[in-house]
Amino acid sequence: VINQPNNRVEVTEGDSIGFLVALIQATDEDNDFLWYRITDGDPRSEFVMGGDAGSVLLAKQLDWETQQEYNLTISVTDGVNTVFTQLFVSVIDINEHRPWFSQAIYTVNVSESLPVGTELIRLNATDIDQDNKVVYLLHCAQNSASTNLFKVDYQTGAIKLMQSLDRESISQHIMTVMVKDQGTPAKRNFARVIIHVYDINDHTPEWTGGVAQGRVLESADIG
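All you need for our numbering is the position in the sequence shown, starting with 1, plus 9.
What follows is the structure in structure tokens.
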């Protein structure tokens, strides 16, 4: 079963190869291995899927002058049954005065014991056309669970922790943050945020050998 059929997304012709366009998710009542594939709508092989991951990535940089809209047909199969969904992709023309992030990729290492509400990192973007008046939004995440764990302040670009982390569940969160200006029409840009979660010793050791006994002579040497 496709969790969110017929998705609509937007990408810019400036988005680089490997950019996460969308994440297609499906469930199988038998918990069988699922395989994802683009079956139609991509004659120039400009998109690629991660096989069992369900991620749709850019295989080539898109050209707005060549094509503005894509209607991708995606199949999901467990080897016996196959279902299909559509992914509608709109290409946005590049404007040289889009807002720009200070970095293309932001990386931060955090402990899984970090308190809820902690600010992890503050993104920075500038826009020469709009007096630096921009807003920040969480665009998408490689793992959908990440969108519930983190919040991006739309005014400051600060990313805060909203729920407790668990490295055993997810050790790395990869998210795409969008910044857009307040012009008409609004112009936007993207940055990748990678959050590495490192482990803490949160499991108390337990003695599993039962009662241990031993004898020693009072005349025994030290050591």
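By construction, the Cβ of each residue, glycine as well, lies at the ideal position given by its N, Cα and C atoms.
query	result
Quick check: the Cα distance between Asp190 and Lys142, rounded to an integer number of angstroms?	6 Å
Alpha carbon to alpha carbon, how far is Gly59 from Pro52? Give it in angstroms, no decimals.	18 Å
Check this for me: beta carbons of Arg176 and Glu121, under 8 Å apart or not?	yes
Can you give the Cα-Cα distance for Lys196 and Pro108, rounded to whole angstroms?	7 Å
Going straight from the alpha carbon of Asn90 to that of Ile83, what length do you get?	14 Å
Would Leu146 be called buried (16 or more neighbouring beta carbons within 10 Å of its own) or exposed?	exposed
Skipping 5 residues on each side, what residues in its chain have a beta carbon closer than 6 Å to that of Asp136?	Pro108, Val143, Asp190
Take Lys69 and list the residues in its own chain whose beta-carbon comes closer than 8 Å to its own, dropping the five residues that flank it on each side.	Ile26, Arg53, Ser54, Glu55
Check whether the stretch 93–103 touches the stretch 176–188, counting contact only when three or more Cβ pairs, one atom from each stretch, lie closer than 8 Å.	no
Between Val3 and Gln172, how many whole angstroms is the CB-CB distance? I'm expecting something under 8 Å.	Because residue 3 is not part of the residues shown, which for the chain are 10 to 232, the question remains open.
State the Cα-Cα distance for the pair His106 and Asn198, rounded to the nearest angstrom.	10 Å
State the Cα-Cα distance for the pair Leu81 and Ile209, rounded to the nearest angstrom.	43 Å
Grouping DSSP H, G and I as helix and E and B as strand, with all else coil, what is Leu158?	helix
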